[in-house]
Structure formats: structure tokens, C-alpha cells
Amino acid sequence: MKTSVKLFFAIFISTLVISCATVRQPIAVNKKPTLTPAEIKSLEQSEDSIAEAKYQSLLSEQENNNVRQPLITGNYVEADIRALLTLDFFSVTGINIIPDNTVEGSITVSLKDAPLEKALEMILYPGGYKYRYVADGNYYIVGKALPENDSFGTLTATKTIKTNRGAEKILSQLSPYYQTFVRADGQTITITATPDIINRLERDISLIDKSKRLVEISAQFIMVEWEKGTNLGVQWSDLNLSALGIGDFIKGGANAMSLNLTSSLTSFLSSNGYDTKIKTIAEPKIVVEDGEKAEINITEEHLFLILSGGGAAYNYFTTKDVSVGTKLRVQPFVSRDGQIRLVVKPEVADIVGEREFKSNGGPTQKLPIIARRSTETTLKVQNGETVAIGGLITKNEKTKRSGIPFFRKIPLIGFIFGAKDESKKETELVIFLSPKIIG
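Terminal number for the sequence shown in my numbering: 482, no gaps in between.
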């Protein structure tokens with residue numbers, strides 16, 4: 044028995060020691076830092092350097108190719124292009140140059156130690172002709188790279204490029220001339236053109252299709268309840284949020300953020316003579332790409348039955364969803380110096396009552412009365428700063444009756460046995476936004 048007791052205490056003490064030695068590690072929160080203007084500029088320069096390096100690599104490849112080509116020297120006056128390619132150039136290089144049936148005309152040109160392909164460019168490009176080297180047969184094909192031309196398939200090649208942005212947006216920024224050679228689908232661009240045009244398009248696309256900046260937008264939806272008429276003169280956009288400490292609460296992301304923000308606002312408004320009640324509705328945070336649209340919905344769906352038909356014995360009803368609450372559409376645009384332009388459209392919808400409709404021979408229907416308030420504005424914000432948007436106001440008028448049942452409804456003397464309390468209040472939605480560039 045004593046041995047069992049000793050064993051029990053030994054196990055108990057060992058378990059206690061192990062439990063004390065085991066410390067629960069807090070969950071690490073991966074917070075994205077706000078990029079500084081210097082870091083943003085460095086990213087831009089890095090992307091430009093990558094695009095330029097790729098183009099220089101293509102030029103270097105062309106130069107190396109020119110070194111390996113035979114050189115052509117000669118003065119040609121009103122020379123027939125077909126004869127020049129098939130006879131003169133062949134006699135110098137020993138390479139067949141085959142013009143298709145679109146090649147015609149004459150050319151005057153002076154060449155001195157010109158690599159073969161450089162000479163072909165000088166002779167062919169003024170007339171809109173293209174060439175392509177066919178390695179399998181060691182010959183060149185020459186003609187107009189038009190889809191209706193029989194040699195189009197030989198003169199051209201096809202290349203696909205995966206893009207960071209939507210391919211349609213990139214296509215719209217290309218020169219109209221080059222757009223004819225490009226097809227866009229999702230985030231893939233397909234080029235069907237001659238090699239020189241493919242090289243040019245690759246460079247243009249790499250310059251246009253830079254990685255988009257990522258913008259993290261922290262928001263606070265605050266409902267301010269005013270006593271009627273007391274909110275006159277409050278311009279939220281003019282408040283110095285940093286001086287009030289509100290900007291730090293928005294960006295902080297701590298658990299006590301809502302309490303600190305509402306306390307700070309309440310204290311500020313009270314000290315300025317405003318009678319208010321403040322409530323935090325939501326604290327969403329989203330990450331959106333530069334130039335893209337995002338939407339935050341804090342809504343409820345209400346289902347209503349609507350009479351759609353029927354007769355004396357039965358009726359047909361359909362359902363209608365009504366969304367009420369708060370919506371925020373936001374679209375950020377990032378400049379090269381790190382400023383953020385925000386296009387913001389907040390909307391508030393509330394069911395403020397019901398209206399009855401009587402149908403012929405049918406039951407009475409009740410349909411909601413919905414009040415919607417929205418606005419759209421454009422703001423310019425420094426990276427990491429906080430701005431406020433207000434002005435979406437709802438007016439509420441309530442009448443509350445109390446007193447002795449039955450007696451308070453007696454005409455003329457009912458007021459002696461009852462009381463009527465009327466209240467008029469206004470609620471205003473205020474949205475605090477803090478955008479920061481994180482990548």
C-alpha cells in the first residue's frame with residue numbers, strides 16, 4: 044500500500060513538473076510592413092531593369108547571329124528586288140532566298156560589309172516585306188506576312204506569354220498596329236507574327252506587364268447616433284486623425300482596437316459639445332491589387348413573399364431577397380512615389396417600414412420600404428495614413444406610449460392616464476480607411 048502511494052505521488056509530481064515546464068507558445072501574426080517610398084522606388088527600378096536586361100539579351104543574340112552571317116557589299120540602282128535576292132545575293136552567300144508571289148518592285152541601296160539579315164531588312168522592310176530563315180533547308184523565305192498570303196504560315200511563328208495582369212488590359216495598351224498579331228485570353232497572350240515582331244512585342248509586354256503593387260486596406264465602420272440636430276458642422280474629412288490617435292488604432296490590428304477607437308471618438312465629440320453614442324459595426328481588412336476593385340459587404344438578407352397569381356382556392360407566391368446593411372466598394376491606384384488614390388463608394392441600406400398593398404380579391408401584401416444612401420468620392424492618401432468618410436445619415440423618429448391600459452385610450456381625457464414620449468435621432472455611418480502598400 045505504501046509503495047502504491049509513493050508511486051502515485053511520484054507520477055503526480057512528475058506530471059506537475061512537466062506541465063509547468065511546457066509553455067504554450069503564442070500564435071505568431073504575420074503582419075505585412077508598410078513599404079517606404081524608397082522601397083517602392085527600388086521595386087519599380089528592379090522591374091524596369093529586368094525588362095531592359097531581357098531586351099538587351101535579345102539584341103546581343105542578334106549581334107552574335109550577325110557575326111556568323113556572310114557579308115554583302117555592293118551598290119544597287121533601281122535593282123529588281125526579285126533578281127537581287129535570287130541572283131546577286133545567292134552568288135555572294137550561296138544561300139537560296141525565295142520570294143513569294145507578293146514580292147515586286149525595285150530598290151536603290153548601297154551596302155558595305157552588311158550581314159545578310161541586316162541587308163535583307165534594308166531591302167525588304169520599306170516595301171512591307173518580311174523574311175524568315177528555314178533552318179531545315181538552309182534557305183530564306185520572303186513575302187508579306189498577311190493571313191491571306193500562302194506563305195503566312197512559313198513566315199510567322201507562334202508564341203504564348205503568361206501575364207501578371209489580365210491579358211485584355213495589356214492588349215489595349217499595345218500599339219494598334221501590333222494588336223493585329225496578338226490574341227488575349229485570361230492571363231495568356233498568344234502572338235502569331237514574324238520573329239522580329241515577336242521580339243518587339245515581348246519587350247513591350249514586359250514593360251507594360253509589371254507586377255502590380257499590393258495594397259492592404261484596413262477599415263473601421265462606426266455608427267454614430269446623434270441627438271437630432273447636434274451633428275451640424277462635423278466635417279470628418281477635416282479631422283486630424285493622427286493627432287487624435289485614431290490612425291494608430293485603425294492600423295494596429297490589436298484586440299482592443301474597437302474599444303480604443305470608440306473611446307477616443309466619444310471623448311473627442313463630448314469635449315466639443317456633441318451628444319452621441321458610438322458603436323463599431325465591423326473591422327474588415329482586405330488586400331487588393333493596384334487598379335483592381337474590391338468590395339466589402341456587411342449585409343443581411345431578408346426574404347419577402349410576393350403574391351404572383353392564383354384564384355379563390357389558392358394563391359401563388361414568389362420570394363424576393365432584399366439585402367440591407369453596409370457595402371463599400373474601393374479601388375486603389377498607386378503612383379510611382381507611393382501615394383495612393385482611392386476611389387471609394389460606400390452604400391447603406393435599411394428597412395425603414397412596410398407598406399400594405401391590396402390585390403383584387405386576394406390577401407393584403409406587405410412589402411418593405413428600403414432607404415438607400417450612397418456616395419462616391421476620390422481621395423488622395425499618403426501610404427499608411429488614415430482618412431474618414433461620413434455623411435451617410437439616417438433619420439429615426441419614434442413615438443412610445445405608456446399608461447393605464449384602456450383608460451389611456453378614452454377620448455379627450457385619455458392623456459390623464461397615459462404619456463407619449465417622442466424621440467428624434469440621427470445615425471451616421473462613418474468609415475475610417477487606412478491603406479498601405481505591402482508588396
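Yeah, the Cβ is synthetic: ideal placement off N, Cα and C, and Gly gets one too.
Would LEU476 and ALA262 be called neighbours here (beta carbons separated by less than 7 Å)? yes
Cβ neighbour criterion (16 or more within 10 Å) applied to GLY148: Classification for GLY148: exposed.
In whole angstroms, give me the CA-to-CA distance for THR362 and THR342. 18 Å
What residue range does the beta strand (DSSP E) around GLY186 cover? 182-186
So, with DSSP's three-state summary, where would you put GLU469? strand
Measure the C-alpha to C-alpha separation of VAL152 and VAL120 and round it to an integer number of angstroms. When rounded, the separation of the alpha-carbon atoms in VAL152 and VAL120 is 7 Å.
Looking at ALA337: is its Cβ nearer than 7 Å to the Cβ of VAL391? no
Counting only the same chain and skipping the five closest in sequence on each side, list residues whose C-beta sits under 8 Å from that of ASP131. GLY117, TYR119 and ALA122
Leaving out five residues on either side along the sequence, give the residues of the same chain with a beta carbon under 7 Å from the beta carbon of ASP156. LEU114 and THR116
Work out the CA separation of THR145 and LEU189 for me, nearest whole Å. 10 Å
Straight-line gap, PRO221 to GLY186 (C-alpha atoms, nearest Å): Residue identity check: residue 221 is Tyr in the sequence provided, not Pro. C-alpha separation (whole angstroms): 18 Å.
For LYS97, collect the residues of the same chain with a Cβ closer than 8 Å to its Cβ; drop the 5 residues on either side in sequence, then sort them by chain order. Excluding residues within five positions, the ones whose Cβ falls inside 8 Å are GLU245, ARG246 and SER249.
Assuming ILE248 is part of the beta strand (DSSP E), what are its boundary residues? Careful: ILE248 lies outside any beta strand (DSSP E), inside the alpha helix (DSSP H) at 238-251.
Candidates ILE124, ILE141, LYS328 and LYS202: which alpha carbon is nearest MET165's? ILE124
Report all residues from its chain with a CB closer than 6 Å to the CB of SER254; omit the five preceding and five following residues, and keep chain order. ASN207
On the criterion of 16 or more Cβ atoms from any shown chain inside 10 Å, does ALA126 qualify as buried, or is it exposed? exposed
Looking at the secondary structure, which residues open and close the alpha helix (DSSP H) in which VAL135 lies? 132-136
For PHE347, name the three-state secondary structure that DSSP assigns. Reduced to three states, the DSSP call for PHE347 is strand.
Less than 7 Å between the beta carbons of GLU202 and ILE234, yes or no? Checking the sequence shown, residue 202 turns out to be Lys, not Glu. Between LYS202 and ILE234, the C-beta gap is smaller than 7 Å, which places the two residues in contact.
Can you tell me whether SER134 is buried or exposed, with buried defined as 16 or more other CB within 10 angstroms of its CB? Burial call: exposed.
Considering only DSSP beta bridges, list what TYR176 is partnered with. According to DSSP, TYR176 bridges with TYR183.
Would you mind giving the Cβ-Cβ distance between LEU435 and VAL387, rounded to the nearest angstrom? I have them listed as a contact below 8 Å. At roughly 12 Å, the Cβ-Cβ gap does not stay under 8 Å, so LEU435 and VAL387 are not in contact.
Can you grab the Cα-Cα spacing for the pair ILE383 / SER417, in whole Å? 22 Å
Exposed or buried, SER215, counting other C-beta atoms within 10 Å across all chains shown (16 or more means buried)? By the neighbour-count rule (16 or more Cβ atoms within 10 Å), SER215 is not buried but exposed.
Three-state secondary structure assigned by DSSP to CYS63: Bear in mind that the predicted position of CYS63 carries a pLDDT of just 41, short of 50, making it unreliable; the figure below should be weighed with that in mind. If DSSP states are grouped into helix, strand and coil, CYS63 belongs with the helices.
Mind reading off the beta-carbon distance from ILE394 to VAL367? Whole number of angstroms is fine, and I expect it under 8 Å. 6 Å
Among ASN340, LYS322, LEU217 and THR319, nearest to THR328 - alpha-carbon criterion: The residue you asked about is not Thr; residue 328 is Lys in the sequence shown. Nearest C-alpha to LYS328: ASN340.
For PHE224, three-class secondary structure by DSSP: Looking at PHE224 - three-state DSSP - the assignment turns out to be coil, as it is neither helix nor strand.
Label THR223 either buried or exposed according to how many other C-beta atoms from any shown protein chain fall within 10 Å of its C-beta, with 16 as the threshold for buried. exposed
Rounded separation between GLU469 and GLU268 - CA only: 6 Å
What separation, rounded to the nearest whole angstrom, lies between the Cα atoms of LYS205 and VAL177? 27 Å
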